[in-house]
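Q:
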Amino acid sequence: MAAGHAMPRWPRAGGEASTAAGPGGATLMRRQLHAEEDAAAVEGDVGCVVLLSEVMSGGCSSPGMNVSASRRTIEEVLVNGLLDAMKSSSPRKKHNLAFSPGDSPDEDPAYTAWMSKCPSALKSFKQIVANAQGRKIAVFLDYDGTLSPIVDDPDKAFMSPAMRAAVRNVAKYFPTAIVSGRSRKKVSEFVKLKELYYAGSHGMDIVTSAAEHNTEKGKEANLFQPAFEFLPMIDEVSKSLVEATSGIEGANVENNKFCVSVHYRNVAEKDWEVVARLVNEVLEAFPRLKVTNGRMVLEVRPVIDWDKGKAVEFLLQSLGLNDSENVIPIYIGDDRTDEDAFKVLRERNCGYGILVSQVPKDTEAFYSLRDPSEVMGFLNALVRWKKHSL
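Just so it is clear: in the sequence shown, position 389 is 389 by full-length UniProt numbering, and no numbers are missing.
This is how it looks when you write it as structure tokens:
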């Protein structure tokens, strides 16, 4: 942390979002429960939040829905909505385009149109660094799908030595943080670089750079854990989800300390509805938790006003980099949870969100990169530019 900058004080939980669901309770990202919307086709990378207890108590009613409807009907709507989101994030969608190195995605009209709105960060590199001239750059990186490829087994999502070297070199010149849905411990074990800042569990577990801010015992100093009170609840729901999904081949439940990931990448598509139903059934007993959808994963998280965007704001302020006139944050990520960070940078009117995707998506990012290999190319280019400018 930069010397002379006081630690910002943030609330442990965001207002009514921290209360149990019910009338006047959690209000984050409510899914409208109209039957016609539930039946509608879902395109793109769509997220969904299900708060069953809130619906049952009437806190998420709509003109088109009678809150006194049978429990079964409400459960069906919620499960179907979650299933829609699961299907939309599948790489088997018809709009998914698989390109090999050297291929030209320009042949696809939809991709070409999308690239005009979200151009390549590599091709736009000169413009990016020109705007950063005389200003300090801070780098924020997602892990899975950004620094490492998406793999079937989440425990084997290793980054390459070349990527590790690229991130290490970036950290020599710019404050650099990893912002991941993984537990902070797990992602730091994957990255293996002490000179970075780490924000695990979607930014709910933030630590300083271990290389600069060790305690007397050599441990990293915690900056912020806004969901600390939820730890016992997360452990309990994790065990319940492991038990509930034990009979589904390919299902993988990962306890990420402040959130739980239910991976369904290796589950047969015919069983996805079963996964959605079981997750909803488990969460009935946990009204202060919500479920959102990522890339082939369901994320069970505390209902608090905190996300990757809030984590980026916290780190910028903590490190004395909150001056939007003199600091250019660059955030690179591939998941819908990274959109919260992209949105923060867009609303601050400073910095650049860069989406990693080979598929046209609605995004708050300014630029795009196709895959982790292009991410590495961008990071290496950033280092070369900095060396040349010294």
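The C-beta atom is built at its ideal place from N, Cα and C for all residues, glycine as well.
Can you give me the start and stop residues for the alpha helix (DSSP H) that residue 112 sits inside?
A: That run of the alpha helix (DSSP H) goes 109 to 117.
Q: So is residue 231 buried or exposed if we call it buried at 16+ other beta carbons inside 10 Å?
A: By the neighbour-count rule (16 or more Cβ atoms within 10 Å), residue 231 is not buried but exposed.
Q: In the DSSP assignment, find the unbroken beta strand (DSSP E) run with residue 154 in it and report its ends.
A: Segment: none, residue 154 is in no beta strand (DSSP E) and carries neither H nor E.
Q: Could you tell me which of 228, 154 and 358 sits nearest to residue 186, measuring between CA atoms?
A: Taking only the C-alpha atoms, the option nearest residue 186 is 154.
Q: Is the Cβ-Cβ distance between residue 169 and residue 383 less than 8 angstroms?
A: Yes; because the gap between Cβ atoms is below 8 angstroms, this pair is in contact.
Q: Taking the DSSP output, what are the residues bridged to residue 173?
A: None; residue 173 has no bridge partner.
Q: CA-CA distance, residue 385 and residue 236?
A: If I take the Cα positions, the gap works out to 49 angstroms.
Q: So, is residue 151 buried or exposed, given that buried needs 16 or more other C-beta atoms within 10 angstroms?
A: Exposed, by the Cβ-count rule.
Q: Tell me residue 301's beta-bridge partners as DSSP assigns them.
A: In DSSP, residue 301 forms a bridge with 290.
Q: One question on the structure: do residue 202 and residue 308 come within less than 8 angstroms of each other, judged by their Cβ atoms?
A: Closer than 8 angstroms, so yes.
Q: Identify every residue that forms a DSSP beta bridge with residue 158.
A: DSSP lists no partner for residue 158.
Q: Using the C-alpha atoms, what's the distance from residue 118 back to residue 290?
A: Roughly 31 angstroms separates the two Cα atoms.
Q: Under a Cβ-count criterion, where at least 16 other Cβ atoms within 10 Å of its own Cβ denotes burial, should residue 353 be classed as buried or exposed?
A: Under this definition residue 353 is a buried residue.
Q: Compare the Cα-Cα distances from residue 193 to each of 114, 208 and 204 and report the closest residue.
A: Looking at the Cα atoms, 208 is the closest of the given residues.
Q: Which residue comes first and which comes last in the beta strand (DSSP E) that contains residue 369?
A: Per DSSP, residue 369 belongs to the beta strand (DSSP E) from 367 to 369.
Q: Measure the C-alpha to C-alpha separation of residue 196 and residue 228 and round it to an integer number of angstroms.
A: In a straight line, the C-alpha of residue 196 is about 22 angstroms away from that of residue 228.
Q: For the alpha helix (DSSP H) that residue 136 lies in, which residues bound it at each end?
A: Element bounds for residue 136: not the alpha helix (DSSP H) but the beta strand (DSSP E), 136 to 141.
Q: Taking the C-alpha atoms as reference points, what is the distance between residue 275 and residue 184?
A: Roughly 26 angstroms between the two C-alpha positions.
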